[in-house]
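Protein chains: 2
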Amino acid sequence: MAQAPRNGPYICGIDAALDVVSGKWKGLVLWELHTHGVRRFAELRRALPGVSEKMLTQHLRQMEADGLVDRTVYAEVPPKVEYSLTASGAALNEALLPLGEWGRDRIHRHGLDVVAAPGTSASTAS
Amino acid sequence: MAQAPRNGPYICGIDAALDVVSGKWKGLVLWELHTHGVRRFAELRRALPGVSEKMLTQHLRQMEADGLVDRTVYAEVPPKVEYSLTASGAALNEALLPLGEWGRDRIHRHGLDVVAAPGTSASTAS
DNA sequence: TGCGGTACTTACCTTTTGGTGAGCAAGGAG
DNA sequence: CTCCTTGCTCACCAAAAGGTAAGTACCGCA
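Residue numbers (full-length UniProt numbering), protein chains in the order written: chain G, 1 to 126; chain A, 1 to 126.
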């Protein structure tokens, strides 16, 4: 994938934002990084139930290209890579909060199932 | 009408909300319905540049099943169907506003292309 | 008579997305 | 010596999403 200019022309801001968060795990990665500040690759993998390494890398790379996350590589003997949110990523997370509330509301109203990730806040309901 | 339980268990509210707005045109449909109140099928189609009838119907049906839009059929000689937002759909739209702002901001910052729908404000016409 | 508009459905195809499992390089545990 | 760990990459597949074109039934317009 090319670095910055990801997708075609957008119709509106929602369009552009949705493009950037679309992906099975991106919202979760954003949330993990938001709640924990800095996370290593394997920590992220363990935090997302069922994610494959390929997808996690792929999403992380896209988010890096989109300027949402910072990636820091330590040239150590066991590889160590740390991910954290950029200002833009943090702002995106803020912008996602109302959406998260709407979703939580919806889950309650419709009695939908919720799966909690091990290591994250077990009670998403509040 | 309980054709609701679309996707598997959610991990958080963002997940549930993203599931409901994921789809190439759903955000736009939401926006059209929000700004115009009531729209007919063909009006929606003309408002979304490049949408196919199949996708529009499909998205509209899903959104109906998800309780986001109301669908009113008039048994008239030329078929007439009107779509409008439900309370839930309107609330979702409200929740999407910050995201839209973030996206608009991003478009400006990165100098991305914007395509205007005929009927909306146009600036970069071809 | 023939076309265009209304709101779809259906069949078929391509593109995109996501998943599986392997391998790599280097070290530590058993 | 072999397995497990870290953070990936690569090849291959399956499923989902989306697009194209046609058909349906009926009407008004020229």
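No residue lacks a Cβ here, since even glycine has one placed at the ideal position from N, Cα and C.
Membership of residue 38 of chain G in the beta strand (DSSP E) is indicated by the continuous run 38-40. What residue 99 of chain G touches in chain A, judged by beta-carbon distance under 7 Å, is 14, 17, 95, 96, 99, going in chain order. Residues 17, 20, 21, 30, 68 of the same chain have their beta carbon placed closer than 8 Å to that of residue 92 of chain A, with the five preceding and five following residues left out of the count. Below the 9 Å Cβ cutoff, chain G contributes 14, 18, 99 as neighbours of residue 21 of chain A, in chain order. In this structure, DSSP gives residue 53 of chain A a helical state, which the three-state scheme calls helix. For residue 85 of chain A, the enclosing beta strand (DSSP E) begins and ends at 80-85. Within the same chain, 84 come within 7 Å of residue 37 of chain G by CB-CB distance, once the 5 residues on both sides are set aside. Within chain A, no residue has its beta carbon less than 8 Å from that of residue 37 of chain G; the closest one is some 18 Å off.
Nearest Cα to residue 26 of chain A within the set A/79, A/43, A/40, A/57: A/57. In this structure, A/24 is the residue among A/10, A/24, A/39 with its C-alpha nearest to the C-alpha of residue 11 of chain G. Put simply, the segment 91-107 of chain A touches the segment 93-104 of chain G. At least three CB pairs are less than 8 Å apart. Taking a Cβ-Cβ threshold of 7 Å, the residues of chain A close to residue 91 of chain G are 102, in chain order. For residue 50 of chain A, not one C-beta of chain G is nearer than 7 Å to its own C-beta.
The beta carbon of residue 64 of chain G is closer than 7 Å to those of 71 in its chain, skipping five residues each way along the sequence.
With respect to residue 104 of chain A, residue 13 of chain G sits close: the two C-beta atoms are nearer than 7 Å. Contact between residue 48 of chain A and residue 33 of chain A is absent: CB atoms are separated by about 11 Å, not below the 8 Å threshold.
Counted as a single uninterrupted DSSP element, the alpha helix (DSSP H) harbouring residue 20 of chain A occupies residues 13-21. In the same chain as residue 40 of chain A, and ignoring 5 residues on each side of it, the C-beta atoms closer than 8 Å to its own belong to 80, 81, 82, 83, in chain order. Here DSSP, grouped into helix, strand and coil, assigns residue 70 of chain A to strand.
Residue 29 of chain A sits in a helix when the DSSP states are folded into three classes. Within the DSSP bridge table, the entry for residue 114 of chain G names A/10 as partners. By the neighbour-count criterion, in which 16 or more other beta carbons inside 10 Å mark a residue as buried, residue 109 of chain G falls on the exposed side. With contacts defined by Cβ atoms closer than 7 Å, residue 51 of chain G and residue 9 of chain A do not form a contacting pair.
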